[in-house]
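Position 4, counted from 1, in the sequence shown is what the numbering used here calls 216; the numbers after and before it change by one each time, with no gaps. Each residue gets a CB set at the ideal place from its N, CA and C atoms; glycine is no exception. Let me begin by presenting the structure, written as structure tokens, before commenting on it.
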Amino acid sequence: MKNPLVYAYIGDCIYEFYIRKFLVEEKMCKLKEIQRRSLNFVSAKSQRKIYEALNTQGFLTNEEEEIVKWGRNAHGGKAKHTDIVTYRIATGLECLIGYLYYQNNLERIEQIMKEVIKNESIW
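Right, dumping it as structure tokens:
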């Protein structure tokens, strides 16, 4: 297994890619609007809210919850523009996405990201 922060680094890229892809496919034409909306999805605060929604719904498996905890407990950088708890939860979610990518479980990433997008209204 890789370092959880490596998984989080890759997971962050994948998460943001899915969000940008969704916004472009929504036929938004103005790049400024796409950028503004994507920031709403990818902020640590939004990622914490989506993780809490996924958790409340029981959407994640026990193994996935363990990966989130593993990523959350990794000691990485300092939180920017948010509190440390929110930052760590967001890192845990990104770690899960990166882990699934390295497990070649693209189908599960797709399922999770569809749920993220479906829950856009919570933030």
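Exposure of M325, with buried meaning 16 or more beta-carbon neighbours within 10 Å: buried
Assuming T303 contacts R320 (C-beta within less than 8 Å), just tell me the rounded distance between them. The pair is not a contact, with the Cβ atoms about 19 Å apart (cut-off 8 Å).
Could you check if G289 is buried or exposed, using at least 16 other CB atoms within 10 Å of its CB as the buried criterion? exposed
Is the distance from the Cβ of G223 to the Cβ of Y313 below 8 Å? yes
How should L243 be labelled, buried or exposed, when 16 other C-beta atoms within 10 angstroms of its C-beta is the threshold for buried? exposed
Give the DSSP-derived three-state secondary structure of A291 in the structure shown. coil
Is the beta carbon of A256 less than 8 Å from the beta carbon of N331? no
Does E238 come out as helix, strand or coil in the three-state DSSP assignment? coil
Please work out which residues of its chain come closer than 6 Å, Cβ to Cβ, to E278, disregarding the five sequence neighbours upstream and downstream, and give them in chain order. none
Grab the span of the alpha helix (DSSP H) containing A256 for me, first residue to last. A256 to Q269
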